[in-house]
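Numbering (the numbering used here), first residue to last: 5 to 158.
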């Protein structure tokens, strides 16, 4: 049996008022509208891959981490990570969190830990795991495609 992670899973406190957390109805409404699937950057990347003749599957629940894009023919997994949720420049950003720090810092660090574990699991299944930040897709799609095609052409 493979041990994927020696570190203890990070415990995220429940987001309840009795635990000291508070959010307004307006903030709650805004947060509920954040999409996890079929985001604009994801659709943009998928459209670009499809136009280049790359066929793929999306959101494969049978694989660890429920990857955004799976190119089975080349055993490539692609994740598109949101900057906030997956800890882009985390050491700088976590200092700026003002409200509900106990919850948000544990939440983001647990997400980052889960990403590392899923990468290890997928690598052990002989998949190549590629992770892109959403802003990379928005700002430099061609560079991301070049990176993907390097692995396809190996």
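Positions of the beta carbon are idealized from the N, C-alpha and C atoms, including for glycine. Remember, predicted model here, so these are calculated numbers, not experimental data.
Below 8 Å between beta carbons: does that hold for residue i and residue j?
{"i": "residue 152", "j": "residue 134", "result": "yes"}
{"i": "residue 155", "j": "residue 81", "result": "no"}
{"i": "residue 48", "j": "residue 149", "result": "no"}
{"i": "residue 159", "j": "residue 88", "result": "Because residue 159 is not part of the residues shown, which for the chain are 5 to 158, the question remains open."}
{"i": "residue 42", "j": "residue 61", "result": "no"}
{"i": "residue 117", "j": "residue 14", "result": "yes"}
{"i": "residue 101", "j": "residue 94", "result": "no"}
May I ask you to list the residues that DSSP assigns as paired with residue i?
{"i": "residue 137", "result": "85"}
{"i": "residue 132", "result": "80"}
{"i": "residue 62", "result": "73"}
Compute the beta-carbon to beta-carbon distance between residue i and residue j, rounded to the nearest angstrom, for a pair I have assumed lies under 8 Å.
{"i": "residue 91", "j": "residue 121", "result": "That belief does not hold up - the Cβ atoms of residue 91 and residue 121 are roughly 14 Å apart, past 8 Å."}
{"i": "residue 17", "j": "residue 103", "result": "Not a contact, Cβ separation roughly 14 Å."}
{"i": "residue 45", "j": "residue 142", "result": "6 Å"}
Can you tell me whether residue i is buried or exposed, with buried defined as 16 or more other CB within 10 angstroms of its CB?
{"i": "residue 73", "result": "buried"}
{"i": "residue 85", "result": "buried"}
{"i": "residue 138", "result": "buried"}
{"i": "residue 5", "result": "Because the pLDDT of residue 5 is 42, which lies under 50, any placement of that residue in the model is unreliable, and the question is left without a value."}
{"i": "residue 53", "result": "buried"}
{"i": "residue 140", "result": "buried"}
{"i": "residue 147", "result": "exposed"}
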